[in-house]
Ligand SMILES: [Zn+2]
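Numbering (my numbering), first residue to last: 75 to 680.
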């Protein structure tokens with residue numbers, strides 16, 4: 075305040091032509107601006123006739139430097155901020171703000187500093203120019219980000235001051251962050267433990283999350299950060315499990331930001347969907363390096379982070395899927411047939427794509443031309459040309475794209491979806507023409523799938539001729555062999571399920587939470603399944619094989635129930651029966667089998 079008053083004073087004083095009248099304020103100004111020595115110097119009369127440059131004392135140079143330093147710091151912050159935002163032209167904004175400051179500084183320096191008034195005016199001019207350009211940057215960048223990411227707002231300034239105290243406390247404390255998961259960024263470079271102590275909490279939270287998710291074999295992680303709350307869930311062996319207690323709210327946000335940063339996403343973009351890929355491995359852990367997709371999006375209310383952890387399950391071959399010996403022989407028959415249509419069905423999330431991939435792997439990718447048309451590829455397939463259909467892009471319909479794929483002289487085509495009439499018609503026609511078509515159909519069982527394709531293709535003769543068979547499937551979690559518990563099943567249940575009472579000694583089930591204790595009664599964690607009770611999954615299948623009588627029924631347009639009866643006569647087993655076999659074998663529990671048969675659809679995060 076004193077300085078300001080001193081600056082204002084000369085403006086009025088300078089209107090007076092008499093030089094001597096300047097002396098008192100000059101003395102005062104010199105005392106404030108330049109210190110007691112200069113004040114004495116001004117008082118002695120030297121200041122009465124100032125020569126050019128006479129006022130460029132060391133004190134003023136210091137004042138200029140003091141004024142320029144915050145601006146240089148601002149420029150430094152701006153450069154980092156633009157780079158982090160990835161939304162604005164970095165060079166342009168750097169040159170505007172840097173250039174503006176330099177122009178202001180030149181104006182200030184060029185003004186004759188004969189009087190303190192001119193010096194103050196120069197400062198004012200410089201201030202207007204730098205605050206103007208700096209402010210316009212802040213205005214533009216704030217308009218591009220959501221409220222919590224805006225800077226120089228009262229909220230931001232408050233948070234900044236609050237942060238200053240904490241920063242002081244942290245100083246001198248070495249970073250205690252431990253690397254539990256070795257993380258590799260999209261640039262294939264190892265993500266190092268941050269040296270900045272302000273990053274430690276975010277790094278540790280991100281490490282905790284990745285370690286926990288990998289250790290528990292989660293395939294999906296969903297996190298919603300909304301206001302003061304964090305909601306989180308994992309999908310493990312296909313089943314959604316809440317995990318909201320892992321990260322406290324105050325570290326969840328920074329953890330999301332940290333993961334976005336290392337995946338190469340814009341940290342400040344909290345709404346538009348973004349996607350990046352990192353990979354992680356627990357040193358000494360059971361699985362190797364795992365690809366992790368980092369997906370973010372949001373609304374005004376919340377920010378969402380999803381991690382897709384791409385495990386080995388998608389790489390399965392037909393023999394590992396869980397088909398019975400008899401079913402395997404039937405599928406071998408489909409593979410060896412010179413051409414024809416195979417429908418691979420199941421509800422969403424039942425592993426149909428994995429089965430379609432496994433079917434393709436039965437073919438020799440070097441001898442045959444293998445193509446796919448997919449909407450959501452699970453993974454890259456070696457030596458197989460995968461064509462992606464994206465309904466959001468206007469590249470013609472799915473059927474039109476299938477037509478293009480079929481023109482490339484394929485031997486085997488995987489068609490991920492039986493989308494519409496045209497798709498069904500094209501697939502049936504190509505199969506009759508000698509191509510092998512594996513087509514995914516969303517349906518609850520094989521008869522349901524057959525019904526759907528028959529109604530879409532409408533030409534029953536062509537379907538009867540082209541079709542080789544229909545599979546349907548579910549995924550079951552396998553009981554953890556380290557902790558499953560045997561029990562004698564209720565005879566009533568066996569009777570109801572039409573099972574032989576005398577042949578079944580026991581079923582298995584997962585332990586109840588209170589049963590996870592050691593001999594002394596202390597809680598224990600199963601090293602194999604982390605107390606989830608299950609480890610890995612297996613498929614259960616039913617396979618409808620076309621034979622002459624079924625073909626005849628299709629041609630005659632008989633109802634699906636009639637086809638079901640004749641398939642049964644030729645020895646077909648239904649999904650539930652295969653499921654019960656798995657329970658009898660001890661591979662899974664009755665509860666899990668019933669869940670899998672019943673569950674039509676399971677989505678993560680719900
Ligand atoms: Zn276990």
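Beta carbons: idealized from backbone N, C-alpha and C, even for Gly. Note that the coordinates shown come from a computational prediction; the quantities given were computed from them, not determined experimentally.
{"Check": "In three-state terms, what does DSSP make of residue 605?", "Outcome": "coil"}
{"Check": "Which of helix, strand or coil does DSSP assign to residue 681?", "Outcome": "With the chain represented from 75 up to 680, any question about residue 681 goes unanswered, as that position is not in the structure."}
{"Check": "Who are the Cβ neighbours of residue 646 in its own chain at under 8 angstroms, not counting the five residues just before and after it?", "Outcome": "616, 617, 618, 619"}
{"Check": "How about the stretch 585-601 and the stretch 530-545: do they share at least three Cβ pairs that are nearer than 8 angstroms?", "Outcome": "no"}
{"Check": "What is the DSSP secondary structure of residue 509, reduced to helix, strand or coil?", "Outcome": "coil"}
{"Check": "Tell me whether residue 607, by its Cβ, gets closer than 8 angstroms to a heavy atom of ligand 1.", "Outcome": "yes"}
{"Check": "Listed in chain order, which residues are found with a beta carbon closer than 5 angstroms to a heavy atom of ligand 1?", "Outcome": "554, 556, 557, 600, 602, 603"}
{"Check": "In the structure shown, what three-state DSSP assignment does residue 430 receive?", "Outcome": "helix"}
{"Check": "According to DSSP, residue 652 sits in a beta bridge with which residue or residues?", "Outcome": "In DSSP, residue 652 forms no bridge with anything."}
{"Check": "Give me, in chain order, the residues of the same chain whose beta-carbon lies closer than 6 angstroms to that of residue 545; leave out the 5 immediate sequence neighbours on both sides.", "Outcome": "418, 615, 617"}
{"Check": "Identify whether residue 316 lies in helix, strand or coil by the three-state DSSP scheme.", "Outcome": "strand"}
{"Check": "Check whether the Cβ atoms of residue 443 and residue 484 sit closer than 9 angstroms, and answer yes or no.", "Outcome": "yes"}
{"Check": "From the DSSP output, which residues share a beta bridge with residue 477?", "Outcome": "Partner(s): none; residue 477 has no beta bridge."}
{"Check": "Output needed for residue 230: all residues of its chain with C-beta closer than 7 angstroms, excluding positions within five of it in sequence on either side, in chain order.", "Outcome": "224"}
{"Check": "From the DSSP output, which residues share a beta bridge with residue 365?", "Outcome": "353, 384"}
{"Check": "I need the straight-line Cα distance from residue 664 to residue 655, nearest angstrom please.", "Outcome": "10 angstroms"}
{"Check": "Could you check how far apart the C-beta atoms of residue 346 and residue 367 are, in whole angstroms? I think they sit under 8 angstroms.", "Outcome": "Between residue 367 and residue 346 the Cβ distance is about 16 angstroms, and since that is not below 8 angstroms, they are no contact."}
{"Check": "Could you compute how far the alpha carbon of residue 263 sits from the alpha carbon of residue 408?", "Outcome": "45 angstroms"}
{"Check": "Let me check understanding here. Comparing Cα to Cα, which of 344, 267, 297, 613 lies closest to residue 666?", "Outcome": "613"}
{"Check": "Across which residues does DSSP place residue 375 in a beta bridge pair?", "Outcome": "In DSSP, residue 375 forms no bridge with anything."}
{"Check": "Answer with buried or exposed for residue 513, where buried requires no fewer than 16 other C-beta atoms within 10 angstroms of its C-beta.", "Outcome": "buried"}
{"Check": "In whole angstroms, what is the alpha-carbon distance linking residue 187 and residue 213?", "Outcome": "33 angstroms"}
{"Check": "Per DSSP, what kind of secondary structure is residue 155 in: helix, strand or coil?", "Outcome": "helix"}
{"Check": "Could you tell me the distance, in whole angstroms, from the CA atom of residue 373 to the CA atom of residue 298?", "Outcome": "11 angstroms"}
{"Check": "Skipping 5 residues on each side, what residues in its chain have a beta carbon closer than 7 angstroms to that of residue 564?", "Outcome": "none"}
{"Check": "Could you pull out every residue in the same chain whose Cβ sits closer than 7 angstroms to the Cβ of residue 303, ignoring the five residues on either side in sequence?", "Outcome": "323"}
{"Check": "Counting C-beta neighbours from all protein chains within 10 Å, is the total for residue 131 16 or more, i.e. buried, or is it exposed?", "Outcome": "buried"}
{"Check": "Please classify residue 432 as buried or exposed, where buried requires at least 16 other C-beta atoms within 10 Å of its C-beta.", "Outcome": "buried"}
{"Check": "Would you mind working out which of 218, 144, 343, 479 sits nearest residue 379, comparing C-alpha positions?", "Outcome": "343"}
{"Check": "So, for residue 558: in the same chain, excluding its five sequence neighbours on each side, which residues have a beta-carbon less than 6 angstroms away from its beta-carbon?", "Outcome": "582"}
{"Check": "Taking just the CA atoms, how far does residue 310 sit from residue 291?", "Outcome": "6 angstroms"}
{"Check": "Taking 9 angstroms as the threshold (C-beta atoms), are residue 552 and residue 608 in contact?", "Outcome": "yes"}
{"Check": "Going by alpha carbons, who is nearest to residue 200 out of 152, 421, 227, 140?", "Outcome": "140"}
{"Check": "What are the boundary residues of the alpha helix (DSSP H) that includes residue 210?", "Outcome": "190-218"}
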